[in-house]
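For reference, the structure discussed in these notes is given below.
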Amino acid sequence: MKSATAIAHPNFALIKYWGKSNVSGNIPAMSSLAITLDSMTSETTVSFPNDLKKDTWILNGLEQPSLGQIQLPCEYLKKISPIDQSCLIESNNNFPTAAGLASSASGVASLVSALNNVLETKLSNQQMIEVAMLGSGSAARSLYSGFVLLDVSENQVTCETILEVEEWPLNVIVCVTSTHRKTISSRKGMEISRKTSPIYSDWVSNHHEDIKLARKAITERNFHQLGKIAEQNCLKMHQVMKTSQPSIDYWNLATHVCIDNVKVMQKKGIPVFFTIDAGPQVKIICEPDVSNEVVSVMERVPGVQSIIESRLGKGARIIHE
Ligand code: PMV
């Protein structure tokens, strides 16, 4: 039986997007800049069992009631494929799903890569970006390695690696403070913020400056500057969420305590900074030589349930066909 398996890794935005300019096309209202990890993985296998009546998605061993957010990329690819059979999609994450750890980005990137291979659709890189975005606004970033810019300009969204992993190896320490699914999806949360936060338009209009500063810091390998702008941008995004109606707050007590510990490490001169997405997990970016020290501080923080260590990693790829 024909099949293909692809893997992709989550990416964490250092300069984030929160809000869409086109909700049905899932187009972000602003650019974003992210790092792709290596140790966390989504693996997706697509096959065509003969007796399968309809497209079926099994996520972490559980059959899903519908294709949900992968429906649009699946439909798009099946429409242009020479193959017309129901497909079985089996996806597994080696880390908590839908808990603010970017599982949708890595899941969708691995899915689109596997489908493009098995359905023989031969998409160009630009088409891959567009199809991945139908599933998740941040998924295109997981197609690429290292430091990745998703650039949103008036008529087009492009995505590219701006610095490779080897050119600036950094480590990421993920402090998991809850493995529960988030109560409000990013997609819904962004819409609430766009419609109700009084600071949403400032967030969108000032965003370009943050991208510019972060790009400069990355080009110059300036850890301090990158950390400063990334933390500010992250806190701005959470302020947009909190000032929405109803207010959106993904943090828990441990999230706050983790941030306090990062601040203490920074005062001691340890090269670290934090970022937090739509969930309570705190992601700490550091230089590799302080990684062990950061882990030993963070594993003692009350409320930190587990720690995932990662380097920066590669983009989505086929591992079996
Ligand atoms: O497109 P989504 O649903 O993966 O939303 C991503 C939202 C954030 O993680 C909070 C920000 C970002 O740019 O990754």
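Heads up: the sequence shown begins at 1115 in the numbering used here, then just goes up one per residue. All residues carry an ideal CB built from backbone N, CA and C; glycine is no exception. Keep in mind the model is a prediction, meaning the values are calculated, not measured.
Contact set for residue i: own chain, Cβ-Cβ below 7 Å, skip 5 residues either direction
i: F1337; result: P1385 and E1401
i: A1331; result: Q1339, L1340 and I1343
i: V1354; result: W1132, S1307, S1311, I1313, Y1314 and W1317
i: I1194; result: T1235
For residue i, the nearest candidate out of the options (CA to CA)
i: R1431; options: E1189, S1220, V1286 and S1200; result: S1220
i: G1249; options: L1225, G1429, T1272 and D1316; result: L1225
i: T1369; options: E1334, T1389, A1127 and L1257; result: T1389
i: V1396; options: E1334, A1328 and V1290; result: V1290
i: Q1240; options: E1274, C1372 and A1118; result: E1274
i: E1280; options: G1417, G1175, K1428 and E1177; result: K1428
i: A1127; options: T1155, S1405, R1329 and I1373; result: R1329
i: I1399; options: E1423, A1118 and G1383; result: E1423
i: Q1346; options: I1129, I1298, V1371 and V1262; result: I1129
i: I1298; options: I1276, I1362 and G1260; result: I1362
i: A1059; options: S1227, G1383 and S1405; result: As shown, the chain starts at 1115 and ends at 1435. That puts residue 1059 outside it, with no answer to give.
i: W1365; options: A1213, Q1199, S1319 and A1122; result: A1213
Neighbourhood of residue i by C-beta, 6 Å cutoff - its chain only, sequence neighbours within 5 removed
i: E1204; result: T1159 and I1172
i: L1237; result: N1230
i: S1217; result: N1207 and T1211
i: E1278; result: G1260
i: C1201; result: V1160, F1162 and D1169
i: I1438; result: The structure shown does not extend to residue 1438, since the chain spans only 1115 to 1435, so no value can be given for it.
Heavy atom of ligand 1 within 7 Å of residue i beta-carbon
i: A1392; result: yes
i: R1329; result: no
i: Y1258; result: no
i: R1301; result: yes
i: S1195; result: no
i: S1238; result: no
i: G1251; result: yes
i: W1132; result: yes
Buried versus exposed, by CB contacts within 10 Å (16 or more), residue i
i: R1096; result: The question about residue 1096 has no answer here: the residues shown for the chain are numbered 1115 through 1435.
i: I1287; result: buried
i: I1243; result: buried
i: D1165; result: exposed
i: V1137; result: exposed
i: D1403; result: exposed
i: P1124; result: buried
i: P1179; result: exposed
i: M1351; result: buried
Residues near residue i by beta carbon distance below 8 Å, same chain, minus five either side
i: I1141; result: K1134, S1135, M1247, G1251, V1266 and V1271
Bounding residues of the alpha helix (DSSP H) (the contiguous stretch that carries residue i)
i: A1127; result: Per DSSP, A1127 belongs to no alpha helix (DSSP H); it is in the beta strand (DSSP E), N1125 to I1129.
i: H1370; result: L1367 to K1381
i: F1337; result: F1337 to K1356
i: N1231; result: S1217 to V1232
Residue i: first and last residue of the uninterrupted beta strand (DSSP E) it sits in
i: V1266; result: F1261 to V1266
i: I1421; result: S1420 to R1425
i: T1310; result: Premise fails: T1310 lies in the alpha helix (DSSP H), S1300 to T1310, not in any beta strand (DSSP E).
i: R1255; result: Run containing R1255: none; DSSP gives neither H nor E here.
i: H1434; result: R1431 to H1434
i: I1121; result: S1117 to A1122
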